[in-house]
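**Student:**
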Amino acid sequence: MAPESTTALRRLLATREASVLGALAVTVIAASFWVDGFASGRNTGFLVLDIAAIAIIALPMTLIIITGEIDLSVASILGLTSAVMGQLWVMGLPLETIVPLCVVLGVVLGAVNGLLVTVAGLPSLAVTIGTMALYRGLAYVVLGDRAVADFPFSWTGGATARLGETQIPWIALLIIVLALAFGVVLHATPVGRALYAIGNNDEAARFSGISVQRTKLGLFVTSGAVSAAAGVFWTLQYASARADNAAGLELSVVAAVLLGGVSIFGGSGALAGVVGGVLLLGTIRNALQLADVSSDTLSIVTGLLLVVSVVVPNVAARLRQRRRTTAPPPGRAVTPSPNTRTKQEVI
Amino acid sequence: MSASTTTPEPRLKEHGGGDAGAGRRIRQVREAGILLALVLLIGVTTVVNPNFLSAQSVRDLLLGATLLTILAVGQTLVIITRSVDLSVGSILGLSAFAVGSLFVAFPDLPVGVAVVAGVLVGALCGAVNGVLVAAARVPALVVTLGTLYIFRGVDHWWAAGRQINAADMPSAFLALGRQTVLGVPVLALAAVLVAAVVGWYLASYRSGRELYAIGSEPDAARLSGIPVDRRVFSAFVVNGALAGLAGVCYAARFGTLDATVGTGLELEVVAAAVVGGVAIFGGSGTVLGAALGAVLLTTIGAALPVLRVNGFWQEAVVGLLILIAIGMDRLLSVRAERRLRGGESRGA
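Just so you know, the protein sequences line up as chains L and P, in that order.
Reminder that position 48 of the first sequence reads as 89 in the working numbering, one-by-one numbering, no gaps.
Reminder that position 200 of the second sequence reads as 1448 in the working numbering, one-by-one numbering, no gaps.
Have a look at this one:
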């Protein structure tokens, strides 16, 4: 192989996406060998249903974090949607009407976030901590601590239905389609490039003609709509509309996105990494549960993964940088050529 | 809110106040605002139901506000430096369980030792956060999101489904949760003391002022010779220690401990600080404001049922308050900025 392509290959393998996907592959193979029942179609189906909501919401969250913003209200939007869905069902509306209304509600809730961030110019972290409490609170106002569970089986069974004779739930297909759609938008369109530009320097992005505010507003609206759709799915999946549905899920979503290599500062990350991050967290959780490892170990593993995946590359990069600045190779030019730099990294 | 950016403010030209003046004014307006809201809330609630200000319910209110105040004071230290600590709920749970376990293992342990142990557990957790944030220079949001899971996991692993009850703890310790001095609960006094000490430190000590400098402009702080990493580390350790103290207070007050204690508390704590005027992106805010924010949030929780408002409204009201608070900050800072700009143009 020519040296240039070796370097390119090495660089590709060194990306966060590659390491996440590699870790995923190792986990899947190890679990298939050592965990009874992991590699069954039945279990794969459970796994997919388990991570469905996180996977769907993580897609718009990725785009938002890449622009340097964050949306912590996603799980509350899910909960409020679920509560409204339950209340409307109790009031006697047909689900054919309720479901589109719920998605519209998500659009409105997302627009509120987006307008507070763009028009009012407030930091999204603070705004969505506020709306997280507000939306969750409204969910309790709408439904209290009641649970609505008498949805028709044609809908609840439909939500978890499998594809034909396989054990794969249809939602897996939807997730794949959505992930591809978000991936194409992010990596192959001007909109996607604009998101990176905004995340790197939103002032510069604005001067280069990108309508930063409108883009961010669009992202928050998308996030709201997707979270509401996930709320509809969640309600049908568990056949239970409750105000506290998915409480705390926002942290799992953010954890999956960051684990997938998206920088919390914005400007970098790839959708493949995020899909890998969601699957990695879900697979570890599933395998440990099957292996009868208690839920406490699960949260320790989740936390360690997150910390290690962010801390180690950072410390490594800093050490490397220090070595390079304190001990320049003797007799070399000040700026090393790409090849020597790669060599140094390998050493 | 958009009106604030378009309406010209002719009055502004009268004051050409400096940066510190504008900042101080914002904070004073803010703290006065919370105090006013608090007084109004208590006034209206008392008119509706005079029992709201009975000695017993005031005592309950103060006890309720104690935990949140201690946590919010610690969180203020961290947020001022442009960080955040999402793991405080887990730290509180872990140190509460540690105190309970100590008593189970050594029933005759002196109360003071248990309190110190709880605080130390918290400080240790804070040191873990601090090392990760300061040494690796990884955003605190990510690190503490991770340690939120880790500390909680350790708590679960340690508890292994057990529950520690009041019967397992000495009555002298549990009395801490009920004792009063001149009608004021001891725990509430502890919270006031914590707020006073930390507030005084932030206002009067060089290293305290440096925390603000770090939060306003970390790079500039570094260049001007402030030991940024060490200060940030210390802020996390102190915040952890205070979360540990809150865990001790929890154990003394409720007497029933399992691995879920303090779950989900982190956002309420951040909310209290934000409502109290601590800017989420660092550089400004006071301990007094954060403490008032904590008391306000707790009072709302106590007042709603008395006002016959469905208790389910509580969280929604808290959310609205956060939004109003950050909106107000924005409004005031836009005004202050324009005021400064006015002063500049006259000066130039």
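Glycine is no exception: its CB is placed at the ideal position from the N, C-alpha and C atoms.
Assess, as a yes-or-no matter, whether the region 111-121 of chain L is touched by the region 146-156 of chain L under the definition of 3 or more beta carbon pairs within less than 8 angstroms.
**Tutor:** yes
**Student:** Where do the N-terminal and C-terminal ends of the alpha helix (DSSP H) with P:Glu-1514 fall, by residue?
**Tutor:** 1513-1523
**Student:** Less than 8 angstroms between the beta carbons of L:Gly-86 and L:Gly-240, yes or no?
**Tutor:** no
**Student:** Terminal residues of the continuous alpha helix (DSSP H) containing P:Asp-1403?
**Tutor:** 1388-1407
**Student:** Helix, strand or coil: how does DSSP classify P:Arg-1556 here?
**Tutor:** Three-state result, P:Arg-1556: coil.
**Student:** In this structure, how does DSSP classify P:Thr-1324 when only helix, strand and coil are distinguished?
**Tutor:** Here P:Thr-1324 sits in helix by DSSP.
**Student:** Helix or strand or just coil, what does DSSP make of L:Ala-49?
**Tutor:** helix
**Student:** Extract the residue ranges of the alpha helix (DSSP H) inside the region 1330-1360 of chain P, only unbroken runs of 4 or more that lie entirely within it.
**Tutor:** 1336-1353
**Student:** Within its chain, find whatever has a CB closer than 6 angstroms to the CB of L:Phe-261; leave out the 5 residues flanking it on each side and keep chain order.
**Tutor:** Taken in chain order, the residues that qualify are Gly-151, Asn-154, Gly-155.
**Student:** By Cβ distance below 6 angstroms, which residues in the same chain neighbour P:Leu-1490 in space, the five residues on each side in sequence not counted?
**Tutor:** Ile-1318, Gly-1322
**Student:** Tell me, please, whether the CB atom of P:Thr-1255 is closer than 8 angstroms to any CB atom in chain L?
**Tutor:** With a pLDDT of only 38 at P:Thr-1255, under the threshold of 50, the placement of this residue in the model should not be trusted, and no figure is reported.
**Student:** Can you tell which of L:Gly-289, L:Gly-63, L:Asp-243 has the C-alpha that lies nearest to the C-alpha of L:Leu-321?
**Tutor:** Cα-wise, what sits closest to L:Leu-321 is L:Gly-63.
**Student:** Tell whether a beta-carbon distance below 8 angstroms holds between P:Asp-1477 and P:Ala-1383.
**Tutor:** Taking the C-beta atoms as reference points, P:Ala-1383 is found nearer than 8 angstroms to P:Asp-1477.
**Student:** Leaving out the 5 sequence neighbours to the left and right, which residues in its chain are closer than 8 angstroms to L:Gly-133 when beta-carbon positions are compared?
**Tutor:** none
**Student:** What residues from the region 1387-1403 of chain P come within 9 angstroms of chain L, judged by C-beta to C-beta, listed N to C?
**Tutor:** Pro-1387, Leu-1389, Val-1390, Val-1391, Leu-1393, Gly-1394, Thr-1395, Leu-1396, Tyr-1397, Ile-1398, Phe-1399, Arg-1400, Gly-1401, Val-1402, Asp-1403
**Student:** If you draw a straight line from the C-alpha of P:Gln-1304 to the C-alpha of P:Pro-1433, how long is it?
**Tutor:** 11 angstroms
**Student:** Between which two residues does the alpha helix (DSSP H) harbouring L:Trp-275 extend?
**Tutor:** 253-278
**Student:** Would you mind sorting L:His-228 into buried or exposed? The rule is 16 or more other CB atoms within 10 Å of its CB.
**Tutor:** exposed
**Student:** If you reduce the DSSP assignment to three classes, tell me which class L:Val-356 lands in.
**Tutor:** helix
**Student:** Which of the three DSSP states is assigned to L:Thr-56 in this structure?
**Tutor:** Note: L:Thr-56 maps to coil in three-state DSSP.
**Student:** What does L:Phe-306 touch in chain P if you count any residue whose Cβ is under 8 angstroms from its own?
**Tutor:** Proximity of chain P to L:Phe-306 at the Cβ level (cut-off 8 angstroms) is accounted for by Pro-1387, in chain order.
**Student:** With burial defined as no fewer than 16 other Cβ atoms inside 10 Å of the residue's Cβ, what is the status of L:Phe-192: buried or exposed?
**Tutor:** buried
**Student:** Span of the alpha helix (DSSP H) holding P:Tyr-1498?
**Tutor:** If you look at P:Tyr-1498, you'll find it in the alpha helix (DSSP H) that goes 1476-1502.
**Student:** Between L:Ser-340 and P:Gly-1401, how many whole angstroms is the CB-CB distance? I'm expecting something under 8 angstroms.
**Tutor:** 4 angstroms
**Student:** Would you please state the rounded distance, in angstroms, between the beta carbons of L:Ile-305 and L:Ile-106? I believe it to be under 8 angstroms.
**Tutor:** 7 angstroms
**Student:** Determine the chain P residues that contact L:Val-356 at a beta-carbon separation under 8 angstroms, and present them in chain order.
**Tutor:** Those within 8 angstroms of L:Val-356 in chain P are Ala-1383, Ala-1384.
**Student:** Report the residue ranges of all alpha helix (DSSP H) runs contained in full by the region 62-110 of chain L; include only those spanning at least 4 residues, in chain order.
**Tutor:** 82-107
**Student:** Please state the DSSP three-state secondary structure of P:Ile-1528.
**Tutor:** coil
**Student:** Could you spell out where the alpha helix (DSSP H) holding L:Glu-244 opens and where it closes?
**Tutor:** 243-248
**Student:** Please tell me whether P:Val-1518 has its Cβ less than 8 angstroms away from any Cβ of chain L.
**Tutor:** At a cut-off of 8 angstroms between C-beta atoms, P:Val-1518 counts as an interface residue with respect to chain L.
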